[in-house]
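Please read the structure below before turning to the comments.
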Amino acid sequence: MRIASVSADEIKKILDLDEGHFADLKAIEVAPAKLSKSISAFANADGGELYIGVDESSDRDRRTWRGFSRTEDANGHIQAFESIFPLGQYFSYEFLQRESGRDGYVLHVNIQKSRDIKRATDGHPYVRRGAQNIAVKTEEALDILRRNKGITSFETETVKAPLDFVTNSEAMIEFMLSLVPIVEPYNFLRKQLLIDDEKPTVAAILLFSDEPQAALPKRSAIKVYRYKTTDAEGSRENLAFNPITIEGGAYRQIYGAVAKVIEVIEEIQYLGSSGLEQIKYPIETLHEIITNAVLHRDYGVADDVHIRIFDNRVEIESPGRLPAHITAQNILRERYSRNGNIVRWINRFPDPPNKDVGEGLNTAFAAMKKLKLKDPVIRETDHSVVVEVRHQRLASPEQMIMEYLENFPEITNKRVRELTGIGSENKVKFIFIRLADRKQIERVPGKGGGAAAWRKYTGDIS
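With UniProt numbering applied, the sequence shown closes on residue 462, and no number is skipped along the way.
Right, dumping it as structure tokens:
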């Protein structure tokens, strides 16, 4: 096993780590069975790191490096771990040692988010929540974990709805007419396992019912909001209109949501570097991200897809966490379909919304680059995935300030934050100072405090 030499600075970084969702530090006396709970929890959540050989004082204000005297002394830990967490794709082990060789070997376990459910030595799976390892003991909690892992999918569950809800709908008739050869709806659904025990599955309802929301309330609609603000969160006070609900089958719903979002965005103007400008987002980006939200969401979560349109960004929130081994960091490289039936059969509709199966998000990112806009940001909450599409140019803040001053006599800190998306007033102050040091800009005389402004450099400070 690899032994890595670490510097004093690197050791300090480890000792200063926050024990939380992604890191755990333990003394060598902690039993392997207890440590296996941390490994299980990290693997079943978002991955993390475990350091064995770090002492913590009783008042938790100081940590010290005290590893195993010999690497062989950790054999019991390694054997216990490898019996349930084999070295390989999701787990790696190494020893860390001071450059001086003092204070022993700290065992460093690196855990990736795993495809399958990992159990601790007590037989229970755990999930990491903050700094806690939460045991998954109820069947309901285990069911949620299976769906999060992509082991099961809610799309295969059956729904108490009459069969003609999916066999005699407009959506089904249009779909059947596009198939070659044409078959009877009932026979098609039965052959494709979209009917079970004479009941339609969730996938069948979403694909072929004209009104899935009647059978799947609170988990199959799209809500569109327009907030007239650039604040981090919208509020009732800055809602431009009551939220719009987009319903219908998945195919019509996707196209309806994209059309409504574009319609709302086209009404937004902002003060850019050359005056009032039309907000522009690539249609491909919005289409692909909305399609992704509908097709890959967890339909077991009782919530709708939420699209929030702000003055400077669009947020698309899809219920359910990223499945299996997919993370916000590898989502553009890795492929995993939570709802295989929905993805497969919606692709057989005329002009399918997911033309390039598996390439949707890559297309969305590429379209942003063409317009010289920054990449979308993908983040996970406890129960959803949010994709944030910002109307933020790739140009540097300095360049945007100078372009603005080509068309306007002065610029304020607030205006720069609106143009660039920078949230910190102090960051903008430092940008102003750097430009002033280069004799690019200067303060506008007579304007200070909240009214302070800057203009292009003239050398005239009178």
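Positions of the beta carbon are idealized from the N, C-alpha and C atoms, including for glycine. Computed from a prediction, not measured in an experiment: that's the story for all the values here.
Self-check item: Test item: CB-CB of Met400 and Thr381 under 7 Å
Solution: Start at 1 with the first residue of the sequence shown, and residue 400 comes out as number 400. Start at 1 with the first residue of the sequence shown, and residue 381 comes out as number 381. No, Cβ-Cβ distance for Met400 and Thr381 is not below 7 Å.
Practice problem: Please confirm whether Asp304 and Ala221 have their CB atoms less than 7 Å apart. | Solution: Translated into the one-based positions of the sequence shown, residue 304 becomes position 304. Translated into the one-based positions of the sequence shown, residue 221 becomes position 221. Less than 7 Å separates the beta-carbon of Asp304 from that of Ala221.
Self-check item: Rounded straight-line distance, which links the Cα of His108 to that of Lys34
Solution: Your numbering for residue 34 matches position 34 in the sequence shown. Your numbering for residue 108 matches position 108 in the sequence shown. Roughly 16 Å separates the two Cα atoms.
Quiz item: Does the distance from the CB of residue 464 to the CB of Arg2 come in under 7 Å?
Solution: One cannot answer for residue 464 here, as it falls past the ends of the chain, which runs 1 to 462.
Quiz item: When you compare each of Pro319, Pro350, Asp351, Arg348 to Arg338 by their alpha carbons, which one comes out closest?
Solution: Along the sequence shown, one-based indexing puts residue 338 at 338. The shortest Cα separation from Arg338 among Pro319, Pro350, Asp351, Arg348 belongs to Pro319.
Quiz item: With 16 as the cutoff for other CB atoms within 10 Å, does Pro353 come out buried or exposed?
Solution: Reading the sequence shown from its first residue, position 353 is the one you call residue 353. Classification for Pro353: buried.
Quiz item: Starting from Gln132 and walking both ways along the beta strand (DSSP E), at which residues does that stretch end?
Solution: For the purposes of this step, residue 132 is identified with residue 132 of the sequence shown, where counting begins at 1. That run of the beta strand (DSSP E) goes 132-135.
Quiz prompt | Helix, strand or coil at Leu163 according to DSSP, with G and I counted as helix | solution = Position 163 of the sequence shown holds residue 163. It is coil, neither helix nor strand.
Quiz prompt | Secondary structure, alpha helix (DSSP H): runs of 4+ residues fully inside the stretch 331-374 | solution = 340-346, 360-370
Quiz item: Does DSSP put His108 in a helix, in a strand, or in coil?
Solution: Start at 1 with the first residue of the sequence shown, and residue 108 comes out as number 108. Note: His108 maps to strand in three-state DSSP.
Quiz item: Would you call the stretch 274-287 and the stretch 333-348 in contact, with 3 or more CB pairs under 8 Å?
Solution: The way I'd put it, the stretch 274-287 doesn't touch the stretch 333-348; fewer than three beta-carbon pairs between them come closer than 8 Å.
Quiz item: If we count the other Cβ atoms within 10 Å of its Cβ and call it buried at 16 or more, is Val183 buried or exposed?
Solution: Sequence index remark: in the sequence shown, residue 183 carries index 183 (1-based). Burial call: exposed.
Self-check item: Residue range of the unbroken beta strand (DSSP E) whose run includes Arg455
Solution: Translated into the one-based positions of the sequence shown, residue 455 becomes position 455. Judged by DSSP secondary structure, Arg455 falls within the beta strand (DSSP E) whose first and last residues are 453-456.
Quiz item: Under the DSSP definition of a beta bridge, which residues are partnered with His306?
Solution: Counting from one through the sequence shown, the residue named residue 306 turns up at place 306. His306 is bridged to Lys223, Glu317.
Quiz item: Would you call Ala171 buried or exposed, if buried means 16 or more other Cβ atoms sit within 10 Å of its Cβ?
Solution: Taking the first residue of the sequence shown as position 1, residue 171 is located at position 171. If you draw a 10 Å sphere on the C-beta of Ala171, you find 16 or more other C-beta atoms in it, and that means buried.
Quiz item: Taking the C-alpha atoms as reference points, what is the distance between Ile39 and Glu56?
Solution: Taking the sequence shown and counting its residues from 1, one reaches residue 39 at position 39. Taking the sequence shown and counting its residues from 1, one reaches residue 56 at position 56. Roughly 20 Å separates the two Cα atoms.
Self-check item: Span separating the alpha-carbon of Gly300 from that of His77
Solution: For the purposes of this step, residue 300 is taken as the residue at position 300 of the sequence shown. For the purposes of this step, residue 77 is taken as the residue at position 77 of the sequence shown. Each residue's Cα considered, the two are about 38 Å apart.
Self-check item: Start-end ranges of the alpha helix (DSSP H) lying completely within the stretch 174-210, minimum 4 residues
Solution: 185-191, 202-208
Self-check item: Cut-off 6 Å between Cβ atoms - residues of its own chain near Phe85, not counting five sequence neighbours on either side
Solution: By one-based count along the sequence shown, residue 85 stands at place 85. Ile39, Phe91, listed in sequence order.
Quiz item: What's the C-alpha gap between Tyr336 and Thr327?
Solution: Mapped onto the sequence shown, residue 336 falls at position 336. Mapped onto the sequence shown, residue 327 falls at position 327. If I take the Cα positions, the gap works out to 11 Å.
Quiz item: Based on Cα-Cα distance, which residue from Pro200, Glu398, Gln112 lies nearest to Phe22?
Solution: As a working mapping, residue 22 is identified with position 22 in the sequence shown. Closest option to Phe22, Cα to Cα, is Gln112.
Quiz item: By Cβ distance below 6 Å, which residues in the same chain neighbour Glu288 in space, the five residues on each side in sequence not counted?
Solution: Along the sequence shown, one-based indexing puts residue 288 at 288. Here the set comprises Gly360, Thr363, Ala364.
Practice problem: Under 7 Å Cβ to Cβ from Ala436, same chain only, skipping five residues before and after it: list those, please. | Solution: Counted from its first residue, the sequence shown places residue 436 at position 436. Counting only Cβ-Cβ distances below 7 Å, and skipping sequence neighbours, we find Glu442.
Quiz item: Run through DSSP, which three-state label would Thr152 get?
Solution: The residue you call residue 152 lines up with position 152 of the sequence shown. Of the three classes helix, strand and coil, the one that applies to Thr152 here is coil, per DSSP.
Quiz item: Would DSSP call Arg115 helix, strand or coil?
Solution: As a working note, residue 115 is residue 115 in the sequence shown. In this structure, Arg115 counts as coil in the three-state DSSP scheme.
Self-check item: Secondary structure of Thr71, DSSP reduced to three states
Solution: To locate residue 71, count along the sequence shown from 1; it is residue 71. Three-state DSSP puts Thr71 in a helix.
Quiz item: Between Val261, Lys427, Ala451, Glu10, which lies nearest to Thr412 when the distance is taken from Cα to Cα?
Solution: Indexing the sequence shown from 1 puts residue 412 at position 412. It is Ala451 whose Cα lies nearest to the Cα of Thr412.
Practice problem: With DSSP collapsed to three states, give me the class of Val428. | Solution: As a first step, residue 428 is located in the sequence shown; it is residue number 428 there, counting from the start. Here Val428 carries a helix assignment [DSSP, helix/strand/coil].
Practice problem: Report the partner residues of Pro397 according to the DSSP bridge assignment. | Solution: Within the sequence shown, numbered from 1, the residue matching residue 397 stands at position 397. In the DSSP output, where bridge partners are listed per residue, Pro397 has none listed.
Practice problem: Run the CB neighbour count on Ala41, radius 10 Å, all protein chains shown included, and call it buried at 16 or more, exposed below. | Solution: Here residue 41 refers to the residue found at position 41 when the sequence shown is read from its first residue. Buried: at least 16 other Cβ atoms inside 10 Å.
Exercise. Can you tell me which of Arg70, Asp18, Glu29 puts its alpha carbon nearest to the alpha carbon of Arg62?
Key: Position 62 of the sequence shown, counted from the first residue, corresponds to residue 62. The shortest Cα separation from Arg62 among Arg70, Asp18, Glu29 belongs to Asp18.
Practice problem: Give the secondary structure of Val258 by DSSP, where H, G and I count as helix, E and B as strand, and everything else as coil. | Solution: Taking the sequence shown and counting its residues from 1, one reaches residue 258 at position 258. Val258: helix per DSSP, three-state reduction.
Exercise. Give the DSSP-derived three-state secondary structure of Lys26 in the structure shown.
Key: Taking the sequence shown and counting its residues from 1, one reaches residue 26 at position 26. If DSSP states are grouped into helix, strand and coil, Lys26 belongs with the strands.
Quiz item: By Cβ distance, which residues of its chain are closer than 7 Å to Ala302, with the 5 residues on each side in sequence left out?
Solution: Taking the sequence shown and counting its residues from 1, one reaches residue 302 at position 302. Within its own chain, the residues whose Cβ lies closer than 7 Å to the Cβ of Ala302, once the five positions on either side in sequence are excluded, are Lys218, Arg219, listed in chain order.
Exercise. Apply the 10 Å Cβ neighbour rule to Lys26 and answer buried if 16 or more other Cβ atoms are within range, or exposed otherwise.
Key: In the sequence shown, counting from the first residue as 1, residue 26 sits at position 26. Lys26 is buried by the Cβ-count criterion.
Quiz item: Taking the alpha helix (DSSP H) that Leu419 falls in, what are its first and last residues?
Solution: Position 419 of the sequence shown, counted from the first residue, corresponds to residue 419. Looking at the DSSP string, the run of the alpha helix (DSSP H) that includes Leu419 is 413-420.
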